[in-house]
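Colleague:
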Amino acid sequence: MLVEDSRRDVVGPLQETLTAAGYSVVACTGAATTLLARVAEVDPDVIIIDTDSPTRDTLEQLSFVTTHQPRPIVMFTEERDNTVIQAAIRAGVTAYVVAGLQPDRVQPIVDVAVARFEQDRRLREELRDVQTRLAERKVVERAKGILMRERGVAEDEAFRLMRKLAMDRNAKIIDVAQQIIDVSTLLS
């Protein structure tokens, strides 16, 4: 775990609480502006932020971390403003906990944050896969349309021709479809 703590007076108790809960604290930092570099340096499994109110710099650094080195982020804060909460969530905070850090709550909060992060990661991967398949299907449909028009064949026959060409070339059907589109574009 990497702990970013703007309230330096509680780093000791926070570290003790995390260690007592069975976590290993690999680094502590008090400067939000170095968060991305510290994450790259120590590669923590989870980031813990303890702050009275997240600053714009902290949220910006969390956005960079979420974009470049995503991982679960738990924020303990006193800030209850909905605008700040929404900004923290957009920045990638997995668990936003208001009203202090109570030792008996730390482990369940971290466990839920990690589980939620993994669930979100899986959903993003599924979405990316679906988007890729949809884009590939559009390419295949366009290539079928070109074959139907140029060869005067039905849709089933156009698909069969592409599939046979893919098998003969030991290629993916999407690659064959893209080649058909490329050649058609070149010759038009």
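If you're matching positions, the sequence shown starts at 3 in the working numbering and goes up one per residue. Beta carbons: idealized from backbone N, C-alpha and C, even for Gly.
Near VAL12, what residues of its chain come up, given a Cβ to Cβ distance below 6 Å and the 5 sequence neighbours on each side ignored?
Modeller: Caution applies to VAL12, whose pLDDT of 47 falls short of 50 and renders its modelled position unreliable; the value that the coordinates give is listed next. For VAL12, where only same-chain residues beyond five positions count, there are no Cβ hits under 6 Å.
Colleague: Assign VAL27 to one of three DSSP states: helix, strand, or coil.
Modeller: Looking at VAL27 - three-state DSSP - the assignment turns out to be coil, as it is neither helix nor strand.
Colleague: What number of angstroms, rounded off, separates the C-alpha of ILE148 from the C-alpha of ASP177?
Modeller: 15 Å
Colleague: Counting C-beta neighbours from all protein chains within 10 Å, is the total for GLY94 16 or more, i.e. buried, or is it exposed?
Modeller: buried
Colleague: Just checking my contact of ILE75 with ILE111 at CB under 8 Å: how many whole Å lie between their CB atoms?
Modeller: Contact flag wrong, Cβ pair sits at about 12 Å.
Colleague: Leaving aside the five residues before and after ALA23 along the sequence, list all residues of the same chain whose C-beta is less than 6 Å from its C-beta, in chain order.
Modeller: Counting only Cβ-Cβ distances below 6 Å, and skipping sequence neighbours, we find VAL108 and GLN109.
Colleague: Who are the Cβ neighbours of ASP47 in its own chain at under 7 Å, not counting the five residues just before and after it?
Modeller: MET3 and ARG73
Colleague: Can you give me the Cβ contacts of GLN17 inside the same chain, cut-off strictly under 6 Å, excluding the 5 residues immediately before and after it?
Modeller: VAL27
Colleague: Can you tell me which residues form a DSSP beta bridge with VAL108?
Modeller: Beta-bridge pairing links VAL108 to no other residue.
Colleague: Since I believe VAL100 is in contact with THR79 (beta carbons under 8 Å), could you give me their beta-carbon distance rounded to a whole number of angstroms?
Modeller: 6 Å
Colleague: Secondary structure at MET164, three-state DSSP: helix, strand or coil?
Modeller: Residue state, collapsed to three classes: helix.
Colleague: Can the beta-carbon of LEU61 be found less than 8 Å from the beta-carbon of ALA89?
Modeller: yes
Colleague: Considering only residues of the region 20–74, which uninterrupted beta strand (DSSP E) runs meet the minimum length of 3 residues and lie entirely inside it, listed in chain order?
Modeller: Complete beta strand (DSSP E) runs here, min 3: 29–31 and 49–53.
Colleague: Rounding to the nearest angstrom, what Cα-Cα distance links ILE175 and ALA97 in this structure?
Modeller: 43 Å
Colleague: Are THR35 and GLN63 touching if we call contact CB-CB under 8 Å?
Modeller: Yes. Within cutoff.
Colleague: Report yes if the CB atom of MET164 is closer than 8 Å to the CB atom of LYS140, and no otherwise.
Modeller: no
Colleague: Can you find a CB in chain B that lies within less than 8 Å of the CB of TYR98?
Modeller: As a matter of chain content, chain B is missing from the structure shown, which is built from one protein chain.
Colleague: Please report the straight-line C-alpha distance between LEU189 and GLN180, rounded to a whole angstrom.
Modeller: 14 Å
Colleague: Put THR79 into one of helix, strand or coil per three-state DSSP.
Modeller: strand
Colleague: Under a three-way DSSP split, which group does VAL95 fall into?
Modeller: DSSP, reduced to helix, strand and coil, places VAL95 outside both helices and strands of the structure shown, so it counts as coil.
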